[in-house]
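Q: Per our numbering, numbering through the sequence shown is continuous, rising by one, with the last residue being 114.
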Amino acid sequence: RNLINTIYGTSVSAGMATTRKTINRNNKPWFDCECFHSRKNVKRCLQACKNSNFDNESLERFIAKKKKYKKVIKNKKITMKKTLYPYCQTRMIKQTFGKLCDHFVTT
Numbered sequence: 008r009n010l011i012n013t014i015y016g017t018s019v020s021a022g023m024a025t026t027r028k029t030i031n032r033n034n035k036p037w038f039d040c041e042c043f044h045s046r047k048n049v050k051r052c053l054q055a056c057k058n059s060n061f062d063n064e065s066l067e068r069f070i071a072k073k074k075k076y077k078k079v080i081k082n083k084k085i086t087m088k089k090t091l092y093p094y095c096q097t098r099m100i101k102q103t104f105g106k107l108c109d110h111f112v113t114t
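(1) Is P36 helix, strand or coil by DSSP?
(2) Under the rule that 16 or more other beta-carbon atoms within 10 Å means buried, what is E41, buried or exposed?
(3) Could you compute how far the alpha carbon of G22 sits from the alpha carbon of I14?
(4) To the nearest angstrom, how far is the alpha carbon of T25 from that of N63?
(5) Mind the definition here: the stretch 67-83 touches the stretch 44-54 only if three or more C-beta pairs lie below 8 Å; say whether that holds.
(6) Taking DSSP as the reference, what is the three-state secondary structure of T86?
(7) If we ignore side chains and look at the alpha-carbon of each, how far apart do L91 and N60 end up?
Structure, rendered in structure tokens:
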């Protein structure tokens with residue numbers, strides 16, 4: 008432990024230690040840091056629940072955190088869909104109009 012702290016302290020003082028943010032992934036654009044921290048809390052509660060052999064108190068805490076996490080995700084998805092829906096709708100109209108024009112031009 009002391010060796011790790013010494014190496015890290017030396018690298019910080021030399022300016023060699025860097026931090027980087029997580030890369031935004033495109034597979035779930037609605038998943039942000041709030042979702043990430045909520046999921047992390049759920050995992051911690053699950054681990055505590057396992058360590059206490061699933062007693063009632065820790066199990067109730069885990070279930071409450073899991074419900075909160077699902078609610079956060081659901082709200083994030085809904086807000087993302089609401090913000091993207093008008094854009095997709097206008098884009099879809101343009102695409103169908105373009106396909107219709109292409110159909111008449113080729114025939």
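Ideal Cβ placement from N, Cα and C applies to all residues, glycine included.
A: Quick look at the numbers:
(1) coil
(2) exposed
(3) 12 Å
(4) 43 Å
(5) yes
(6) helix
(7) 44 Å
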